[in-house]
């Protein structure tokens, strides 16, 4: 199954992990992106995410299909992205994937986060203590 | 910091994830090993872990040192292994590693679970519905 | 021939334009480059022109596309992504 | 010269022996292979002999080691691992 969500609520790693758990699966791999407190020496006070919602859901679905192509043994996939203000240290994204053996879940999560960053229309703005702000750009 | 624990209690993914979260780290990678409900067609009713405790803690510490050698950017490491009876679908191990950028945390977790399975003196016995039982052996 | 399409703006583009979306009239057959130029000129997006990508009905376009637009099509102005 | 060491058994080995640990007297200088043979013979571990590894004071030994044991050393009988 697939669990995709864009939400203004705090993300619960436990709940997302429970979603993908399955008695036939021995492995769950999770990636959590958390917000950092500084950028090039400036202190981040606040951080906001914005989304192109309909297209984002479409891209997330496309990512899930491609994961199932590449890793047919993958069992469940959850991709939760938080929107709006995200306090420093809290999760902006949680990806959880289960599979019978660990290799599949781990590779799939790695590919998944790379491709979420590349293709899902979501934007982050950082606001610094000196009152400047900046829209970020994924590079990795 | 390092958080190593061998415990008879249920593992909380949320609590372990919170342990390694850090405002300078943008990424947390987590691996969860969960118990499966069947083995070669037999239904597993019960599953038990046993440990050589002092040596296990020593091996876990050695694994952490090696992670810090190989991935100097890794921030916090948590390795929690559950002991005793673990119900099907629940976590037997949770590994969580944080790092400023995601590559380090993800590679380190992968290396960590491989090496926990290889070198930490912990044993699992599966008990089946037909009342047979079997001590398992890590192969992967 | 022209048609009415909906432009939707995000992130930096939305801040510059000051609106989430606007209906405009454009040629119904138009090259990607001309559409981009039209949007950039009309909404003063010159500063971010080089980093913008256009989507039509939630699909990324490429710079070599010729677009055939119909009334109600949604054209999104997509600054560099920073999700995750 | 002989010395008293503590044998500790785990998993299948513990089940076969029926005890967690036992104090025995062994030669204080002994090859890994002789020590393994002594333990296997004395505790009827023939069935799992090939998969056992011995640890001395929580360090894995290799089959080519010559061990120098002192009173109180802990020798662990380690069946194949299955943690994780």
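Residue numbers (the numbering used here), protein chains in the order written: chain A, 463 to 602; chain Y, 463 to 602; chain Z, 9 to 92; chain H, 9 to 92. All C-beta atoms in this analysis are idealised placements derived from N, C-alpha and C, irrespective of residue type, glycine included.
Mind pulling the chain H residues with CB within less than 8 Å of residue i?
| i | result |
| --- | --- |
| residue 559 (chain Y) | Those do not exist, as residue 559 (chain Y) stays about 15 Å from chain H at its closest Cβ, beyond 8 Å. |
| residue 575 (chain Y) | 92 |
Can you pull the chain Z residues whose beta carbon is under 9 Å from the beta carbon of residue i, in chain order?
| i | result |
| --- | --- |
| residue 600 (chain A) | 88, 89, 90, 91, 92 |
| residue 506 (chain A) | Those do not exist, as residue 506 (chain A) stays about 13 Å from chain Z at its closest Cβ, beyond 9 Å. |
So for residue i, helix, strand or coil by DSSP?
| i | result |
| --- | --- |
| residue 498 (chain A) | coil |
| residue 18 (chain Z) | coil |
| residue 35 (chain Z) | strand |
| residue 577 (chain A) | helix |
| residue 526 (chain Y) | helix |
| residue 531 (chain A) | helix |
| residue 510 (chain A) | strand |
| residue 601 (chain A) | coil |
| residue 571 (chain A) | helix |
| residue 518 (chain A) | helix |
| residue 12 (chain Z) | strand |
| residue 66 (chain H) | coil |
| residue 556 (chain A) | strand |
| residue 551 (chain Y) | coil |
| residue 643 (chain A) | Because chain A spans 463 through 602 in this model, residue 643 (chain A) falls outside it and cannot be assessed. |
| residue 60 (chain Z) | coil |
Closest Cβ-Cβ distance between residue i and chain Y: below 7 Å?
| i | result |
| --- | --- |
| residue 66 (chain H) | yes |
| residue 581 (chain A) | no |
| residue 572 (chain A) | yes |
| residue 499 (chain A) | yes |
If we define contact as Cβ-Cβ less than 7 Å, is residue i a contact residue for chain A?
| i | result |
| --- | --- |
| residue 568 (chain Y) | yes |
| residue 14 (chain Z) | no |
| residue 18 (chain Z) | yes |
| residue 483 (chain Y) | yes |
| residue 84 (chain Z) | yes |
| residue 496 (chain Y) | yes |
| residue 592 (chain Y) | no |
Please report the Cβ distance between residue i and residue j, rounded to the nearest whole angstrom; I am assuming they are in contact, meaning their Cβ atoms lie under 8 Å.
| i | j | result |
| --- | --- | --- |
| residue 545 (chain A) | residue 468 (chain A) | 6 Å |
| residue 583 (chain A) | residue 518 (chain A) | 5 Å |
| residue 496 (chain Y) | residue 553 (chain Y) | 5 Å |
| residue 489 (chain A) | residue 561 (chain A) | 6 Å |
| residue 90 (chain H) | residue 600 (chain Y) | 5 Å |
| residue 573 (chain Y) | residue 18 (chain H) | With 8 Å as the limit, residue 573 (chain Y) and residue 18 (chain H) do not qualify as a contact, their Cβ atoms being about 25 Å apart. |
| residue 529 (chain A) | residue 570 (chain A) | 5 Å |
| residue 74 (chain Z) | residue 37 (chain Z) | 7 Å |
| residue 538 (chain A) | residue 484 (chain A) | 6 Å |
| residue 56 (chain Z) | residue 20 (chain Z) | 6 Å |
| residue 594 (chain Y) | residue 507 (chain Y) | Residue 594 (chain Y) to residue 507 (chain Y), Cβ: 11 Å. No contact. |
| residue 44 (chain Z) | residue 62 (chain Z) | 6 Å |
| residue 548 (chain Y) | residue 514 (chain Y) | Residue 548 (chain Y) to residue 514 (chain Y), Cβ: 18 Å. No contact. |
Kindly say whether residue i, judged by its beta-carbon, lies nearer than 7 Å to any beta-carbon of chain H.
| i | result |
| --- | --- |
| residue 463 (chain Y) | no |
| residue 578 (chain Y) | yes |
| residue 478 (chain Y) | no |
For residue i, which residues in chain A fall below 7 Å Cβ to Cβ?
| i | result |
| --- | --- |
| residue 27 (chain Z) | Chain A residues near residue 27 (chain Z): none, gap ~14 Å exceeds 7 Å. |
So the alpha helix (DSSP H) residue i belongs to, where does it begin and stop?
| i | result |
| --- | --- |
| residue 46 (chain H) | 40-51 |
| residue 478 (chain Y) | 475-482 |
Can you tell me where the beta strand (DSSP E) holding residue i begins and where it ends?
| i | result |
| --- | --- |
| residue 487 (chain A) | First-last for residue 487 (chain A): undefined, no H or E at that position. |
| residue 588 (chain Y) | 584-590 |
| residue 540 (chain Y) | 539-544 |
| residue 76 (chain H) | 74-76 |
| residue 86 (chain H) | 82-86 |
| residue 467 (chain A) | 464-469 |
Of all Cβ atoms in chain Z, is any one closer than 7 Å to the Cβ of residue i?
| i | result |
| --- | --- |
| residue 467 (chain A) | no |
| residue 595 (chain A) | no |
| residue 529 (chain A) | no |
| residue 555 (chain A) | yes |
Using the beta-carbon of each residue, which ones in chain Y are nearer than 9 Å to residue i?
| i | result |
| --- | --- |
| residue 63 (chain H) | 514, 517, 583 |
Is any heavy atom of the ligand ADP found at a distance shorter than 6 Å from the C-beta of residue i?
| i | result |
| --- | --- |
| residue 479 (chain A) | The ligand ADP is absent from the structure shown, which contains no ligands of any kind. |
Please list the partners that residue i has in chain Y, where partner means a Cβ-to-Cβ separation under 8 Å.
| i | result |
| --- | --- |
| residue 551 (chain A) | 483, 484, 485 |
For residue i, which residues in chain A fall below 9 Å Cβ to Cβ?
| i | result |
| --- | --- |
| residue 493 (chain Y) | 489, 490, 491, 492, 564, 567, 568 |
What does residue i touch in chain A if you count any residue whose Cβ is under 8 Å from its own?
| i | result |
| --- | --- |
| residue 475 (chain Y) | 475, 476, 479, 492 |
Since residue i meets chain Z, which of its residues come closer than 8 Å, beta carbon to beta carbon?
| i | result |
| --- | --- |
| residue 586 (chain A) | 90, 91 |
Cβ closer than 9 Å: which chain H residues qualify as neighbours of residue i?
| i | result |
| --- | --- |
| residue 520 (chain Y) | 66, 67 |
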